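K.L.:
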Amino acid sequence: MKTRFAPSPTGYIHIGNVRSAIYPYLIAKQQSGTFILRIEDTDQARYVEGATELIEDTLKWLGLDWDEGPIVGGPSAPYFQSERKQIYHQWGKKLIELGRAYADPTPSDTIQEYRDKCNSEKIPYLYRNFRPENPPEWHEGIPLRFKSDPKARQWHDEVMGDMTAGPEVQDDIILIKADGLPTYNFAHIVDDAEMGVDYVCRGVEYLSSTPNYLALYEALSLPVPKLISLPHILGPTGGKKLGKRDGAKSVDAYRKDGILPEAMLNYLACLGWNDGTEKEIYNKAELIQDFSVNRIQNSGARFDETKLLWNNGQWIRKLVDENGIDDFYPRTLDFWPISADSYDDTYKKRVLAIIYDRLKTLSDLKDMTTYFFEKPDIHLSMITSNKFLKKYSEEELSDMLQTAIQKLEQTEWTADNLQTALNELLEQTSKKPAELFSIIRIALSYAPFSPALPLTLEVLGKNLSIARIHNTVTAIENA
RNA sequence: GGUCUCUUAGUAUAACGGUUAGUACAACGGGUUUUCAUCCCGUCAACGCGGGUUCGACUCCCGCAGAGAUCACCA
-6 MKTRFAPSPT GYIHIGNVRS AIYPYLIAKQ QSGTFILRIE DTDQARYVEG
44 ATELIEDTLK WLGLDWDEGP IVGGPSAPYF QSERKQIYHQ WGKKLIELGR
94 AYADPTPSDT IQEYRDKCNS EKIPYLYRNF RPENPPEWHE GIPLRFKSDP
144 KARQWHDEVM GDMTAGPEVQ DDIILIKADG LPTYNFAHIV DDAEMGVDYV
194 CRGVEYLSST PNYLALYEAL SLPVPKLISL PHILGPTGGK KLGKRDGAKS
244 VDAYRKDGIL PEAMLNYLAC LGWNDGTEKE IYNKAELIQD FSVNRIQNSG
294 ARFDETKLLW NNGQWIRKLV DENGIDDFYP RTLDFWPISA DSYDDTYKKR
344 VLAIIYDRLK TLSDLKDMTT YFFEKPDIHL SMITSNKFLK KYSEEELSDM
394 LQTAIQKLEQ TEWTADNLQT ALNELLEQTS KKPAELFSII RIALSYAPFS
444 PALPLTLEVL GKNLSIARIH NTVTAIENA
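The following block contains the structure:
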């Protein structure tokens, strides 16, 4: 059992087309089959240097390891179409011998005239009505065309159901271009056959070309693989399919924004597919187990970044809660504020342990943890305009903080003791938690929010905590 | 224009022809000793339209509308 992902190296993998990698991977793994990566680099004009590596990186990051393809090799190597030219030529010659392909010397401007003529007469443009009369012998340098055999065709698409098409959509498509390289239309059929691919999973945009492919399978006496057409992923607004030209972000960009591969895989797999239960969070193994082609939605699904962020938060908490901070910490290394560089892993892990349940993405660490690594700028307005604190005079605020300092100085520095000390302080000052805790919290962090006070104190340490409160007292008195 | 596909709340989706049309995200409100978040509780919100078939239709059939895809020596 074999499936494949066959991208062309024209750039990064984006949100709109990852599913054509994810689904074949899941199908293959579910049946203990083989997942092939094949690079369809037959269009030299659109080839982008480095794109293959980008694609490979993204697949590896998502955990979609291929069993055959670049780097790993395999029985059907090579896996770059540009290196398989002779194979396509052989199959092309076979079609010529069968009388099902012909060399087409017609210049392209003549072809354009045919097309214009049909358009102006409002009749369908079909090249088979303009077949050259005495085609020359084929050789590289002239395009090779399929000699179509238009007739009613029917087939089954695993997602779209039973399909039919009439002869009007079947034509003499180009098999091999003038540059000697095959078109997608020809190459993918040859390769899938040579590589033993059983499932062809691709976007619905290929649905309307399928009758031509069926004609080709028939002419070559090849079995038709199972066909799976995936509906488009649509942009967040409007009903357009999400493509690069509409600003579809690369999967890699989300990685750099601190999205976990688990969340990306989970979210995308469930965008337009569900197993019929109310389960929302799936790991890769669960997806492999529960995935089913016949439950893929047959309408387009809008990409919702908000839900991806929610899913990512779920995964951050799940991974930390299940495997611990030590296990999760390495994933955060690229996301700390610059000022954290001079701190050791132990300290950063302690910060992570009290902040992780607020993260939506790993890049939130940058903004949410700076006060653990650098002295915060004092903005007294955060205190004086605070809804619980604005009723107090500067003197009262200063007193509150100084009482706190005295208490904290006598406290043994553990979160539990600090909690007890803070409770005693509440009684001693007869202030409300909202008042006392707010002012201490702000004095420590000057951040819009921070973890629970005893935890923040514990991680910051006794000296630093008390020093920061002192600084605020001084600032209030000098104000 | 030809051909093809799709249509349940703002979004993603569930529902043997019989349910108060379920769930999640979002939004809004509330609770957990400050904040932000987590977690918990609650509120709002949907079967595109019109015909059939049927005792009964979100579900089956036909039309319409809307949306999308495709008509390359691109994939």
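Counting from 1, position 387 in the first sequence corresponds to residue 380 in my numbering; the numbering is continuous, with no gaps.
We put the beta carbon where it would ideally sit given N, CA and C, even for glycine.
Note that the structure is predicted; figures quoted are calculated from it, not measured.
Look at the alpha carbon of E76 and the alpha carbon of L91, and state the distance between them as a whole number of angstroms.
P.N.:
The residue you call residue 76 lines up with position 83 of the first sequence. The residue you call residue 91 lines up with position 98 of the first sequence. One C-alpha to the other measures close to 25 angstroms.
K.L.:
Would you mind working out which of I398, V193, L457, T407 sits nearest F430, comparing C-alpha positions?
P.N.:
As a working note, residue 430 is residue 437 in the first sequence. Among I398, V193, L457, T407, the Cα nearest to that of F430 belongs to I398.
K.L.:
Name the DSSP beta bridge partners of Q83, please?
P.N.:
To locate residue 83, count along the first sequence from 1; it is residue 90. Looking at the DSSP assignment, Q83 forms no beta bridge with any residue, so it has no partner.
K.L.:
Under three-state DSSP, which class holds I167?
P.N.:
In the first sequence, the residue the question calls residue 167 occupies position 174. Note: I167 maps to strand in three-state DSSP.
K.L.:
Looking only at its chain, what residues have a beta carbon closer than 7 angstroms to the beta carbon of D370, apart from the 5 residues adjacent to it on each side?
P.N.:
Your numbering for residue 370 matches position 377 in the first sequence. Counting only Cβ-Cβ distances below 7 angstroms, and skipping sequence neighbours, we find Y439.
K.L.:
In chain order, what residues of the same chain have a beta carbon less than 8 angstroms from the beta carbon of Q412, not counting five sequence neighbours either side?
P.N.:
Taking the first sequence and counting its residues from 1, the one referred to as residue 412 is at position 419. P447.
K.L.:
Assuming T35 is part of the beta strand (DSSP E), what are its boundary residues?
P.N.:
Position 42 of the first sequence holds residue 35. Counted as a single uninterrupted DSSP element, the stretch harbouring T35 is not any beta strand (DSSP E), since DSSP gives it neither H nor E.
K.L.:
Is there contact here, the segment 147 to 162 with the segment 194 to 207, by at least three beta-carbon pairs under 8 angstroms?
P.N.:
yes
K.L.:
Can you name, in chain order, every residue of its own chain whose Cβ lies under 7 angstroms from the Cβ of H463, other than the five neighbours on each side?
P.N.:
Counted from its first residue, the first sequence places residue 463 at position 470. In chain order, I398 place their CB closer than 7 angstroms to the CB of H463, counting only its own chain and leaving out the 5 sequence neighbours on each side.
K.L.:
DSSP has A186 in a bridge; who is on the other side?
P.N.:
Counting from 1 along the first sequence, the entry for residue 186 is found at position 193. For A186, which the question treats as bridged, DSSP gives no partner whatsoever.
K.L.:
So what's I469 in DSSP terms, helix, strand or just coil?
P.N.:
Counting from one through the first sequence, the residue named residue 469 turns up at place 476. It is helical.
K.L.:
Given this structure, state the Cα-to-Cα distance separating S25 from D191, to the nearest angstrom.
P.N.:
Within the first sequence, residue 25 is the residue found at index 32, counting from 1. Within the first sequence, residue 191 is the residue found at index 198, counting from 1. Looking at the two C-alpha atoms, the distance is approximately 13 angstroms.
K.L.:
In the DSSP assignment, the beta strand (DSSP E) including L223 goes from what residue to what residue?
P.N.:
Along the first sequence, one-based indexing puts residue 223 at 230. Segment 219 to 223, the beta strand (DSSP E) holding L223.
K.L.:
Counting only the same chain and skipping the five closest in sequence on each side, list residues whose C-beta sits under 7 angstroms from that of Y131.
P.N.:
Locating residue 131 in the first sequence gives position 138, counting from the first residue. The question names Tyr, but residue 131 in the sequence shown is Trp. I89, A96, L137, listed in sequence order.
K.L.:
If we ignore side chains and look at the alpha-carbon of each, how far apart do D327 and T339 end up?
P.N.:
Taking the first residue of the first sequence as position 1, residue 327 is located at position 334. Taking the first residue of the first sequence as position 1, residue 339 is located at position 346. Distance between the alpha carbons of D327 and T339: 16 angstroms.
K.L.:
List in chain order: all unbroken alpha helix (DSSP H) runs of 4+ residues lying wholly within the segment 244 to 274.
P.N.:
244 to 249, 254 to 262
K.L.:
On the DSSP bridge list, what partners appear for I432?
P.N.:
Taking the first residue of the first sequence as position 1, residue 432 is located at position 439. Paired residue(s): none; I432 is not in a bridge.
K.L.:
Does the Cβ of F139 have 16 or more other Cβ atoms within 10 Å, making it buried, or fewer, making it exposed?
P.N.:
For the purposes of this step, residue 139 is taken as residue 146 along the first sequence, with counting starting at 1. Buried.
K.L.:
Please determine whether the Cβ atom of I274 lies at a distance below 7 angstroms from any heavy atom of the ligand SAM.
P.N.:
For the ligand SAM, the structure offers nothing, since it holds no ligand at all.
K.L.:
If you draw a straight line from the C-alpha of G265 to the C-alpha of L301, how long is it?
P.N.:
Along the first sequence, read from residue 1 onward, the residue named residue 265 stands at position 272. Along the first sequence, read from residue 1 onward, the residue named residue 301 stands at position 308. When rounded, the distance between both Cα atoms is 14 angstroms.
K.L.:
Taking buried to mean at least 16 other C-beta atoms within 10 Å of its own C-beta, is T299 buried or exposed?
P.N.:
Taking the first sequence and counting its residues from 1, the one referred to as residue 299 is at position 306. So T299 ends up on the exposed side.
K.L.:
Can you tell me where the beta strand (DSSP E) with V452 in it begins and where it stops?
P.N.:
Numbered from 1 along the first sequence, position 459 holds the residue referred to as residue 452. V452 -> not in any beta strand (DSSP E); alpha helix (DSSP H) instead, spanning 446 to 453.
K.L.:
Starting from the Cα of N267, find the closest Cα among S285, E114, G317, P323 and give me that residue.
P.N.:
Start at 1 with the first residue of the first sequence, and residue 267 comes out as number 274. Out of S285, E114, G317, P323, S285 has the C-alpha closest to the C-alpha of N267.
K.L.:
For the segment 336 to 374, list the alpha helix (DSSP H) runs that are entirely contained and at least 4 residues long, ordered along the chain.
P.N.:
338 to 348, 357 to 361
K.L.:
Would the beta-carbon of L174 fall within 8 angstroms of that of K78?
P.N.:
Translated into positions along the first sequence, residue 174 becomes position 181. Translated into positions along the first sequence, residue 78 becomes position 85. Yes. Within cutoff.
K.L.:
Rank S458, G189, C263 by C-alpha distance to the C-alpha of A294 and give the top, closest one.
P.N.:
For the purposes of this step, residue 294 is taken as residue 301 along the first sequence, with counting starting at 1. Measuring from the Cα of A294, the nearest candidate turns out to be C263.
K.L.:
Threshold first: 3 residues or longer. Then list the beta strand (DSSP E) segments lying entirely within the segment 100 to 179, N to C.
P.N.:
137 to 139, 146 to 150, 154 to 158, 167 to 169
K.L.:
In the DSSP assignment, find the unbroken alpha helix (DSSP H) run with V313 in it and report its ends.
P.N.:
Walking along the first sequence from the start, residue 313 turns up at place 320. Looking at the DSSP string, the run of the alpha helix (DSSP H) that includes V313 is 298 to 316.
K.L.:
May I have a chain-ordered list of the beta strand (DSSP E) segments no shorter than 3 residues that lie completely inside the segment 41 to 98?
P.N.:
94 to 96
K.L.:
K234 bridges to which residues according to DSSP?
P.N.:
To locate residue 234, count along the first sequence from 1; it is residue 241. K234 is bridged to L227.
K.L.:
Between the alpha carbons of S391 and K237, how many angstroms are there, rounded?
P.N.:
Your numbering for residue 391 matches position 398 in the first sequence. Your numbering for residue 237 matches position 244 in the first sequence. When rounded, the distance between both Cα atoms is 57 angstroms.
K.L.:
Taking the straight line between their C-alpha atoms, what separation do you get for I435 and A468?
P.N.:
The residue you call residue 435 lines up with position 442 of the first sequence. The residue you call residue 468 lines up with position 475 of the first sequence. One C-alpha to the other measures close to 13 angstroms.
K.L.:
By Cβ distance below 6 angstroms, which residues in the same chain neighbour S549 in space, the five residues on each side in sequence not counted?
P.N.:
There is simply no residue 549 to check, as the chain begins at -6 and stops at 472 in what is shown.
K.L.:
Out of E428, A241, T404, point me to the one whose CA is closest to K455's CA.
P.N.:
Position 462 of the first sequence, counted from the start, is the residue given in the question as residue 455. When each option's Cα is compared against that of K455, the closest is T404.
K.L.:
Taking the Cβ atom as the reference point for each residue, do I309 and P444 lie within a distance shorter than 8 angstroms?
P.N.:
Residue numbering aside, residue 309 sits at position 316 when the first sequence is read from its first letter. Residue numbering aside, residue 444 sits at position 451 when the first sequence is read from its first letter. Contact flag unset, no.
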